[in-house]
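Trainee: Before we start, here is the structure in question, set down as structure tokens.
See below:
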């Protein structure tokens, strides 16, 4: 099925016709062009005469049997020639800029200027700790914006209005059909403009509710008797008497009319709508915008980019000429990375793809180009340039990554308090909480501090980092073994290369693959391949990556003088080793001294009987850090206050300073200047929490809940990717499981951490958000595809059962990464009841959409818990709306 898709930027719009043919449209041409379409568009190269119209007929309908029929039907063919002449003429005289200014006015400076705006980093990208490496690296650009990036885009309704205005001014009325078709076609354009990232728009969606009979050029009169006989001859292979074959004639005419309409609508979208958006807008995602796409006028985007580029030097970027770039990259295997900009809340962020290979014209080729230019017209030059090709940065750094991962597992003390995912958090936090609860009847004095490093990746001192890594990589040689894992999934078959750091005697592996060894869909091959990597090679690649990280923006090259790339395969490990070194040398010794001082002070006050209960709970503490987000939990208020004071001063030798606006504490710190007394989230139930890396930590009991505040900024539908093609029901079933999977970690359900009430509350909240996403998904799906109500009930029941099984599986697997025995005190019937109740509470707020489904869910709910027995107190606590007040603020 031909389809259109809004794909990941910087290739935002992709048009695909057929199974394997893609035409990609890049949004880089300038807005100064007077043509309504891109310069190389077919309508710009044709003349409004018979030859041009005839060529356009072939481009729209194809040079096949259909076109032969058109040529033999004088009525239809002549009508199309006349209409397409008019289309070409109108396209070349369209007042594109006037329509663009009318429908998508450029915001004025007064509307967008924001004095004193500081372009800081986005925290949502690291809300949930996951052990994965993205393909993008981020840099912060502090500029004085003439246009505030997150407010200067055009609304999608404006883009749709402009697109329809141009279509109306270019396409003859006869080719757009009746008023009904106008409304449907404009609605389909609007749905195309509203596509989110990774969504596809099929030809079926383009033609949704369009009627072929309402197009004048496809009317019955156009299909004259001469055409009818040709139709029969083409479809049956022989001429048939008109009176005997009237039914066959009607069927064949209907098929031909439908094929002609398909060809016309596909061309209308692929050759008019998409190029129109391409020529006038830059389409991109923005931070905090989830999967939604945003449309910037080319003139606005160009000003934003130019302003950002002028500020690069102030942010530690140095210009490089082509000769210097060649000198840098000729001695290494990897080349440079290309940049693009992404708007954020108060500025722009630079993103670099470190997974892509690069190429650069050879010096010989460049000299020949200059020679050709000097010799003028008489000199013939070959258009084929010679290029030097380079591997991607992440590919070359795979050996370094494998070694560092091995050191992480073998010598975890070198990473200090680092955690990389929820498994690490559970492994470290759970024993501390168990010891705390065993030692104290209650938790009267839990003093919690949350802090964030200001521009963590961008502020790292490069020379200091390299000296730290010399302390980390100490052996002269490391042994790596590579194996291949052939992984078969429902969608594809792929090969994963797995690098493992081994002991010198080849006895044990230090690193496992990212694909689980226990997977039933995995086959291991080539397990005997191994090689030695020298320390000098590792340091050479690290130094080149850190000190000479060449970035390309259009035709300009830059090198970053401070900080490290955030998205490389080793960036999170480098950052963790760096701040781990800071902890071992400065923070931990300071905390030990502060703890001793607090203990002595409490001891002296015990003698004088002048000590409060909260201060007598000891000096126990735990320090965790997810990349650059610190979490300290202490039983000593003095130690916690001292920690805040030390962080506030910063660490000059590491160029490390905290973001004062991001401090979160649950106690009064008195006269410490510049730090707010508290920055906690308090729900409607009066319970206070601190947010840390996707978790809500109870300020009093230290119980852990999931943080859903990231969904408050936008409508929940912006987080979805809806699939209308293939088997929509199967995709929905898979999506429901995917919605539940991230919140099925033992940290939310283990009774060592959470009470029975909170365990069930965590389950209920996960189902609430899942039900909200379910509603948004089927609402978007329903305009083109409506499934049976019984099917919805069936997949909901399956997703509920799936969650309980996944929780049990995750709790069992927790034995592998924790010395603590996880405790799951939960019944399957309770999970089933909470799931159904959550769906009912969510869907009854959208009752017009789900009347039948709600009736079925209520019947199922009755059988989960015996109505004769009172509802258990744990379930009553879980479904109390005041405990989920944050979730009910989500727009869905």
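Numbering (full-length UniProt numbering), first residue to last: 1 to 892. Idealized CB from N, CA, C, for every residue including glycine. Please read all numbers here as calculations on a predicted model, not as lab measurements.
Which one of 620, 808, 832, 774 has the shortest CA to CA distance from residue 431?
Mentor: On the chain shown, residue 431 is found 431 positions in, with the first residue counted as 1. Nearest option by C-alpha distance: 620.
Trainee: Kindly identify the DSSP beta-bridge partner or partners of residue 629.
Mentor: As a working note, residue 629 is residue 629 in the chain shown. 452, 626, per the DSSP bridge assignment.
Trainee: Report the residue from 882, 864, 584 whose alpha carbon sits nearest the alpha carbon of residue 901.
Mentor: Residue 901 is absent from the structure shown; the chain starts at 1 and stops at 892.
Trainee: Do residue 525 and residue 486 have their C-beta atoms closer together than 8 angstroms?
Mentor: Residue mapping note: residue 525 aligns to position 525 of the chain shown, counting from 1. Residue mapping note: residue 486 aligns to position 486 of the chain shown, counting from 1. Going by C-beta atoms, residue 525 is nearer than 8 angstroms to residue 486.
Trainee: So what does residue 318 bridge to, in DSSP terms?
Mentor: As a first step, residue 318 is located in the chain shown; it is residue number 318 there, counting from the start. Answer is 559.
Trainee: Which first and last residues belong to the beta strand (DSSP E) in which residue 692 is found?
Mentor: Residue 692 sits at position 692 when you count from the first residue of the chain shown. Looking at the DSSP string, the run of the beta strand (DSSP E) that includes residue 692 is 688-692.
Trainee: Suppose you measure from the CA of residue 351 to the CA of residue 339; what does that come to, to the nearest Å?
Mentor: Residue mapping note: residue 351 aligns to position 351 of the chain shown, counting from 1. Residue mapping note: residue 339 aligns to position 339 of the chain shown, counting from 1. Those two C-alpha atoms are separated by around 6 angstroms.
Trainee: Tell me the residue span of the beta strand (DSSP E) that contains residue 347.
Mentor: As a working note, residue 347 is residue 347 in the chain shown. 347-353 is the span of the beta strand (DSSP E), which, as asked, contains residue 347.
Trainee: Examine chain C for any beta-carbon lying closer than 8 angstroms to the beta-carbon of residue 98, and answer yes or no.
Mentor: This model lacks chain C altogether, as it is built from one protein chain only.
Trainee: Tell me whether residue 477 sits in a helix, a strand or coil according to DSSP, three-state version.
Mentor: By 1-based counting over the chain shown, the position of residue 477 is 477. Correct three-state label for residue 477: strand.
Trainee: Does the distance from the C-beta atom of residue 836 to that of residue 860 stay below 8 angstroms?
Mentor: The residue given as residue 836 occupies position 836 in the chain shown. The residue given as residue 860 occupies position 860 in the chain shown. Against a cut-off of 8 angstroms, the Cβ pair of residue 860 and residue 836 comes out as a contact.
Trainee: By the 10 Å Cβ neighbour count, where 16 or more other Cβ atoms means buried, how is residue 887 classified, buried or exposed?
Mentor: Looking up residue 887 in the chain shown gives position 887. Buried: at least 16 other Cβ atoms inside 10 Å.
Trainee: Using CA atoms only, rank isn't needed, just tell me which of 683, 651, 702 is closest to residue 754.
Mentor: In the chain shown, counting from the first residue as 1, residue 754 sits at position 754. Ranking 683, 651, 702 by Cα distance to residue 754 puts 702 first.
Trainee: Could you please give the first and the last residue of the uninterrupted beta strand (DSSP E) stretch that includes residue 494?
Mentor: Position 494 of the chain shown, counted from the start, is the residue given in the question as residue 494. Where residue 494 is concerned, the enclosing beta strand (DSSP E) stretches over 493-502.
Trainee: Could you check where the beta strand (DSSP E) with residue 641 kicks off and where it finishes?
Mentor: Counting from 1 along the chain shown, the entry for residue 641 is found at position 641. Premise fails: residue 641 lies in the alpha helix (DSSP H), 637-649, not in any beta strand (DSSP E).
Trainee: If you reduce the DSSP assignment to three classes, tell me which class residue 723 lands in.
Mentor: For the purposes of this step, residue 723 is identified with residue 723 of the chain shown, where counting begins at 1. Coil at residue 723, not helix or strand.
Trainee: Anyone know if the C-beta pair for residue 464 and residue 654 falls short of 8 angstroms?
Mentor: Within the chain shown, numbered from 1, the residue matching residue 464 stands at position 464. Within the chain shown, numbered from 1, the residue matching residue 654 stands at position 654. Contact: yes.
Trainee: Cβ atoms of residue 541 and residue 396: under 8 angstroms apart, would you say?
Mentor: The count along the chain shown starts at 1 and reaches residue 396 at position 396. The count along the chain shown starts at 1 and reaches residue 541 at position 541. Taking 8 angstroms as the Cβ cut-off, residue 396 and residue 541 qualify as a contacting pair.
Trainee: Give the range of the beta strand (DSSP E) segment to which residue 283 is assigned.
Mentor: One-based indexing of the chain shown puts residue 283 at position 283. 281-284 is the span of the beta strand (DSSP E), which, as asked, contains residue 283.
Trainee: Assign residue 356 to one of three DSSP states: helix, strand, or coil.
Mentor: Sequence index remark: in the chain shown, residue 356 carries index 356 (1-based). Three-state result, residue 356: coil.
Trainee: Going straight from the alpha carbon of residue 403 to that of residue 317, what length do you get?
Mentor: In the chain shown, the residue the question calls residue 403 occupies position 403. In the chain shown, the residue the question calls residue 317 occupies position 317. Taking the straight line from one Cα to the other gives about 30 angstroms.
Trainee: Work out the CA separation of residue 854 and residue 663 for me, nearest whole Å.
Mentor: Sequence index remark: in the chain shown, residue 663 carries index 663 (1-based). Sequence index remark: in the chain shown, residue 854 carries index 854 (1-based). Near 44 angstroms, if we compare the C-alpha coordinates of residue 854 and residue 663.
Trainee: Expressed to the nearest angstrom, what Euclidean distance is found between the alpha-carbon atoms of residue 637 and residue 446?
Mentor: Taking the first residue of the chain shown as 1, we reach residue 637 at position 637. Taking the first residue of the chain shown as 1, we reach residue 446 at position 446. Cα to Cα, residue 637 sits roughly 8 angstroms from residue 446.
Trainee: Contact defined as beta carbons within less than 8 angstroms: I believe residue 757 pairs with residue 838. What is the distance between those atoms, to the nearest angstrom?
Mentor: The residue you call residue 757 lines up with position 757 of the chain shown. The residue you call residue 838 lines up with position 838 of the chain shown. Actually they do not touch by this definition, with Cβ atoms about 16 angstroms apart.
Trainee: Leaving out five residues on either side along the sequence, give the residues of the same chain with a beta carbon under 8 angstroms from the beta carbon of residue 793.
Mentor: Numbered from its first residue, the chain shown carries residue 793 at position 793. So the list reads 853, 856, 857, 860, once near-sequence residues are dropped.
Trainee: Taking the alpha-carbon of residue 881 as reference, which of 764, 729, 661, 774 has the nearest alpha-carbon?
Mentor: The residue given as residue 881 occupies position 881 in the chain shown. Per the Cα distances, 764.
Trainee: Just verifying my parser: in three-state terms, what is the DSSP assignment at residue 566?
Mentor: Counting from one through the chain shown, the residue named residue 566 turns up at place 566. Looking at residue 566 - three-state DSSP - the assignment turns out to be coil, as it is neither helix nor strand.
Trainee: Looking only at DSSP bridge pairs, what is residue 340 linked to?
Mentor: Reading the chain shown from its first residue, position 340 is the one you call residue 340. Note: residue 340 sits in a beta bridge opposite 351.
Trainee: In the structure shown, what three-state DSSP assignment does residue 597 receive?
Mentor: Taking the chain shown and counting its residues from 1, the one referred to as residue 597 is at position 597. Residue 597: helix per DSSP, three-state reduction.
Trainee: Residues in the same chain with beta-carbon distance under 6 angstroms from residue 623, minus the five sequence neighbours each way, listed in chain order, please.
Mentor: Here residue 623 corresponds to residue number 623 of the chain shown, with the count starting at 1. Within the same chain, residue 623 has close Cβ partners 417, 632.
Trainee: Could you check what DSSP says for residue 585 in three-state terms: helix, strand or coil?
Mentor: Reading the chain shown from its first residue, position 585 is the one you call residue 585. Reduced to three states, the DSSP call for residue 585 is helix.
Trainee: With DSSP collapsed to three states, give me the class of residue 740.
Mentor: The residue labelled residue 740 in the question sits at position 740 within the chain shown. Residue state, collapsed to three classes: helix.
Trainee: How is residue 683 classed by DSSP in three states: helix, strand or coil?
Mentor: Residue 683 sits at position 683 when you count from the first residue of the chain shown. Here residue 683 sits in coil by DSSP.
Trainee: By how many angstroms is the C-alpha of residue 645 removed from the C-alpha of residue 458?
Mentor: On the chain shown, residue 458 is found 458 positions in, with the first residue counted as 1. On the chain shown, residue 645 is found 645 positions in, with the first residue counted as 1. Taking the straight line joining both Cα atoms gives about 23 angstroms.
Trainee: Evaluate residue 434 with the Cβ neighbour count: other Cβ atoms within 10 Å of its Cβ, from every protein chain shown; 16 or more gives buried, anything less gives exposed.
Mentor: Translated into the one-based positions of the chain shown, residue 434 becomes position 434. Answer is exposed; the Cβ neighbour count stays below 16.
Trainee: If we count the other Cβ atoms within 10 Å of its Cβ and call it buried at 16 or more, is residue 197 buried or exposed?
Mentor: Locating residue 197 in the chain shown gives position 197, where the first residue counts as 1. The residue is buried, with at least 16 neighbouring Cβ atoms inside 10 Å.
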